[in-house]
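For the sequence shown, this note's numbering begins at 25 and goes up steadily by one.
Even glycine gets a Cβ: it sits at the ideal position worked out from N, Cα and C.
Only one structure is covered here, and it is reproduced in the block below.
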Amino acid sequence: KRLEPDYKGSFTPYEIRNVQAFLYMEQKERAMELFDYLVNDCRRPPGWRQWPEAVYFPVRTAGFFGDIPHTWVGSGYINTLRSFFVYEHMETLVLGAGIRDEWLDLQSISAGVLPTEFGEISYTLEKNENRLIFSAAGNASPPEGFLFRIPDGSIEQVKLNGFSWNSHSDNEVYFDKIPSYLEIELSVR
């Protein structure tokens, strides 16, 4: 109901943590919808772009914001952004789960020196028509390897370090070590 224009009420932006939960459950669309809503409509006061402890609707409703910026909400925001690029799932590192396809229409993406439970990883990703180029380096060594989730589309074929690679599904590629260079051909829609 909060998305309706005449919504009246309050809630806490701690819900930013739910964005991560949706990503972990492979519900990227729901994650991005909630993230956009929180970032665009729930930082207060308007123009300050701060994370309060509570937000009210309509915007000019009087109420207790809590401390601003609210560091618990802020840390949830930072953890959420990190999960867009990397997160630990049991003994695997999941990469790129929150990267949006439209980001790649603008330029390549670089995620540099991301600390994880299994070591550090850096990667770049670029898109050229129906082809993704993903390059990863660092000292991360998760026991169950790496899982790269493509931003959008369906995988046709993959090369890993120049050789044909079959450890992939329609939307993710598994590889076991870095440095790695993936060339991903996407199905033409």
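According to DSSP, is residue i part of a helix, a strand, or is it coil?
{"i": "T85", "result": "coil"}
{"i": "A121", "result": "coil"}
{"i": "W189", "result": "strand"}
{"i": "I102", "result": "helix"}
{"i": "S204", "result": "strand"}
{"i": "V110", "result": "strand"}
{"i": "V97", "result": "helix"}
{"i": "I233", "result": "The structure shown does not extend to residue 233, since the chain spans only 25 to 213, so no value can be given for it."}
{"i": "R73", "result": "coil"}
Considering only their Cβ atoms, is the gap separating residue j from residue i smaller than 9 Å?
{"i": "T95", "j": "V43", "result": "no"}
{"i": "G169", "j": "F199", "result": "yes"}
{"i": "L149", "j": "I133", "result": "yes"}
{"i": "S107", "j": "N154", "result": "no"}
{"i": "I145", "j": "V110", "result": "yes"}
{"i": "F142", "j": "A164", "result": "yes"}
{"i": "Y147", "j": "L130", "result": "no"}
{"i": "S34", "j": "Y101", "result": "no"}
{"i": "I179", "j": "E209", "result": "yes"}
{"i": "L62", "j": "H113", "result": "no"}
{"i": "G122", "j": "L27", "result": "no"}
From residue i to residue j, what distance separates their C-alpha atoms?
{"i": "A55", "j": "D30", "result": "23 Å"}
{"i": "Y205", "j": "T85", "result": "52 Å"}
{"i": "W127", "j": "L138", "result": "19 Å"}
{"i": "Y38", "j": "A135", "result": "25 Å"}
{"i": "P93", "j": "P76", "result": "6 Å"}
{"i": "Q74", "j": "F89", "result": "10 Å"}
{"i": "K25", "j": "L184", "result": "46 Å"}
{"i": "V97", "j": "E57", "result": "18 Å"}
{"i": "D65", "j": "N195", "result": "31 Å"}
{"i": "A78", "j": "F187", "result": "52 Å"}
{"i": "D60", "j": "P167", "result": "34 Å"}
{"i": "K32", "j": "E53", "result": "25 Å"}
{"i": "V182", "j": "N190", "result": "7 Å"}
{"i": "A45", "j": "Q51", "result": "9 Å"}
{"i": "K201", "j": "R41", "result": "30 Å"}
Rounded to the nearest angstrom, how far is the Cβ of residue i from that of residue j, given a contact under 8 Å?
{"i": "R124", "j": "P175", "result": "6 Å"}
Runs of beta strand (DSSP E) lying entirely within the stretch 123-149, each at least 3 residues, in chain order: 133-140
3 or more residues per run - each beta strand (DSSP E) lying fully within the stretch 25-70: 33-35
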